[in-house]
Amino acid sequence: MRVLAAFALILGLALNLPAVVALAAADGPHIIRIRIDGIIAPSSARYLLRAIREAEASGARAVLVELNTPGGLMKSMDEMTGAMLNARVPIIVYISPSGARAASAGVFVTYAANIAAMAPATRLGAAHPIAIGQDGQQQDSTAMEKVTNDAVAGIRAIARKRGRNADWAEQAVRKSVSIDDEEAVKLDVVDLIAPNADALLASVHGRTVETAAGSVTLATRAAAVRTLSMDPSERFLDLLSDPNIGLILMTVAIYGIIFELSNPGAILPGVVGAIALVLALASFAILQVNVAGLALIALSVVFFIADIKVPGHGVLTIGGVLAFLFGALLLTERQAPFLRVSIQLAVFIALLTGGFFLFAVGAGIRAQRGRARMGSESLVGAEGVARTELAPAGMVYVAGETWSATAEAGAIPEGSRVRVVSVDGLRLRVRPAAR
10 MRVLAAFALI
20 LGLALNLPAV
30 VALAAADGPH
40 IIRIRIDGII
50 APSSARYLLR
60 AIREAEASGA
70 RAVLVELNTP
80 GGLMKSMDEM
90 TGAMLNARVP
100 IIVYISPSGA
110 RAASAGVFVT
120 YAANIAAMAP
130 ATRLGAAHPI
140 AIGQDGQQQD
150 STAMEKVTND
160 AVAGIRAIAR
170 KRGRNADWAE
180 QAVRKSVSID
190 DEEAVKLDVV
200 DLIAPNADAL
210 LASVHGRTVE
220 TAAGSVTLAT
230 RAAAVRTLSM
240 DPSERFLDLL
250 SDPNIGLILM
260 TVAIYGIIFE
270 LSNPGAILPG
280 VVGAIALVLA
290 LASFAILQVN
300 VAGLALIALS
310 VVFFIADIKV
320 PGHGVLTIGG
330 VLAFLFGALL
340 LTERQAPFLR
350 VSIQLAVFIA
360 LLTGGFFLFA
370 VGAGIRAQRG
380 RARMGSESLV
390 GAEGVARTEL
400 APAGMVYVAG
410 ETWSATAEAG
420 AIPEGSRVRV
430 VSVDGLRLRV
440 RPAAR
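Written as structure tokens, this is what we have:
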């Protein structure tokens, strides 16, 4: 028993070693590091806000945000910059690795940092907004001008608060200008260039920055760096922020629901389809897709179902493929390029769906024709037994079933062999079978 107890103790310590190490790092001087790699979306905002909360709660020296983004959603960007400006812990944004960029919304996030740094051969800029209305349609020129002016006012205010170049920031918003790392330092857009995170933390050690809690002198040189990864909910939300994932989920929903309608009682396809539909709609809500695209996809479903219920030799399926393809492309057509559905994916799914339904509908038509051949007309010439006397009407047993029958001429005794001459609805005309 002592051996088992000792083994259990050792195993427990081994399993909890990462947590113990993390706790030790959190108790001592430490920096929380996160990495945002991809579009700025609700998942990014939740991730950053959680990092700031944990840093403030654990007494972290700073939050290091390693950034590589083509941009993202304005609402998520506003949440992130607001949290950074009101954080009680210093925020360091590091555009990395080499070759990375901080475009569009990434410019605002970089400007909102207490310390902004870039790795060699990185770039920053192209922050002109794309305004999308509630129905997914791009705003008119007047509304677009209002959005642009609001973005300019916002980034100039951030630039003044952080002591950065406000004029360049305005040009990045109005004219989508971009600069590399060396020019960014010369123009006072960022604070420094660093080859890696360790060099960055060593370089900013001793600098004084202003936070919501007041002036803070950075003590980053000897601080342990604790990496904070996205939690499962943030990863899931990040997945839903991809328009291609949304389209795939919608396709799964279409397959599942149509399969359930074609085979009532299967249950599993319907359940999978319903769940996929809800997730697809959640994805589209995050991305504020074009409602015209959704309408076309819904129309394609109607065409697919109609071609199964009322076979039209594939014409309706072809119409469904075209409606699905145009709908998929229209979904995010007004969005920034990195927030659009892949054309290749849309074409592939449309052709795959069309091929599947053409095959399914064709198989259904062939099956219906086969059933027709195997139906009541196929009984002509079949032989059976008279269950009752036919004088002239009675009952016969043919092809494994009992039928109403009429004798063609004269009476036929019970138990006699009969042959089917013709079929009139559900009644057979029979004659005595030749011996």
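Just so we're aligned, residue 10 is where the sequence shown starts under our numbering, counting upward by one. Ideal Cβ placement from N, Cα and C applies to all residues, glycine included. Model, not experiment: these values are computed from the prediction.
Legend entry - Residue from Val74, Ser53, Ala402, Glu417 with nearest C-alpha to Thr236: Val74
Inset, instruction - Determine, using beta-carbon pairs with one atom in the region 266-274 and one in the region 94-104, whether at least three such pairs fall under 8 Å. - result: no
Inset, instruction - Report all residues from its chain with a CB closer than 6 Å to the CB of Asp46; omit the five preceding and five following residues, and keep chain order. - result: Asn77
Inset, instruction - Count the CB pairs spanning the region 385-397 and the region 344-351 that are closer than 8 Å, and state whether there are at least three. - result: no
Legend entry - Alpha carbon of Tyr406 to alpha carbon of Glu423, nearest angstrom: 11 Å
Legend entry - Through-space distance from Leu437 to Leu340, alpha-carbon basis: 58 Å
Inset, instruction - Specify, as a first and last residue, the run of the alpha helix (DSSP H) that Met89 falls within. - result: 83-94
Inset, instruction - Give the C-beta separation of Ala112 and Ala135 to the nearest angstrom, bearing in mind that I take them to be a contact with Cβ-Cβ under 8 Å. - result: 5 Å
Legend entry - Extent of the continuous beta strand (DSSP E) to which Glu342 belongs: Premise fails: Glu342 is in no beta strand (DSSP E) and is neither H nor E.
Legend entry - the region 47-59 touching the region 247-261, judged by at least three CB pairs closer than 8 Å: yes
Legend entry - Of the residues Ser150, Gly409, Val439, the one placed nearest Ala416, counting alpha carbons only: Val439
Legend entry - Contact check, Ala175 vs Arg169, beta carbons under 8 Å: yes
Legend entry - beta strand (DSSP E) segments (min. 3 residues) lying fully within the region 180-261: 187-189, 217-220, 223-226, 233-236
Legend entry - Endpoints, beta strand (DSSP E) assigned at Ile41: 39-46
Inset, instruction - Rounded to whole angstroms, what's the CA-CA distance from Arg230 to Arg42? Just pull it up for me. - result: 14 Å
Inset, instruction - Inspect the beta-carbon positions of Ala285 and Val261 and report whether they are closer than 8 Å. - result: yes
Inset, instruction - Using DSSP bridges, identify the partner residues of Gly393. - result: Val407, Val427
Legend entry - Whole-angstrom distance between Gly115 and Asp240, CA atom to CA atom: 22 Å
Legend entry - Residue interval of the beta strand (DSSP E) (run including Gly463): Lying outside 10 to 444, the shown extent of the chain, residue 463 is not represented and no answer is given.
Inset, instruction - Please determine, among Ala420, Ala400, Val427, the residue with the shortest C-alpha to C-alpha distance to Thr411. - result: Val427
Legend entry - Whole-angstrom distance between Met89 and Leu58, CA atom to CA atom: 7 Å
Legend entry - Backbone secondary structure at Leu435 - three-state DSSP: coil
Inset, instruction - Measure the beta-carbon distance from Ala126 to Asp200 and round it to whole angstroms, keeping in mind my assumption that it falls under 8 Å. - result: 6 Å
Inset, instruction - Identify every residue that forms a DSSP beta bridge with Asn446. - result: Past the edges of the chain, shown from 10 to 444, lies residue 446, and the structure says nothing about it.
Inset, instruction - Have a look at Ile124, Val310, Ala414 and flag the residue whose alpha-carbon is nearest the alpha-carbon of Val432. - result: Ala414
Legend entry - Val287 classed as buried or exposed, judged by whether at least 16 other C-beta atoms fall within 10 angstroms: exposed
Inset, instruction - Following the continuous alpha helix (DSSP H) through Ala60, name the residue where it begins and the one where it ends. - result: 51-67
Inset, instruction - Sort Leu94, Gln180, Ala408, Ile124 by Cα distance to Ala222 and report the nearest one. - result: Leu94
Legend entry - Arg70 in three-state terms, based on DSSP: coil
Inset, instruction - Return the bridge partner residues of Ala414 from the DSSP annotation. - result: Gly403, Leu437
Inset, instruction - Check whether the Cβ atoms of Asp190 and Pro106 sit closer than 8 Å, and answer yes or no. - result: no
Inset, instruction - Tell me where the beta strand (DSSP E) around Arg173 begins and ends. - result: Run containing Arg173: none; DSSP gives neither H nor E here.
Legend entry - Residue interval of the beta strand (DSSP E) (run including Ala112): 110-112
Inset, instruction - Would you tell me roughly how many angstroms separate the C-alpha atoms of Gly403 and Gly393, rounded to the nearest one? - result: 13 Å
Legend entry - Pairwise C-alpha distance: Arg244 and Glu179: 33 Å
Legend entry - Beta carbon of Leu227 nearer than 8 Å to that of Ala69: no
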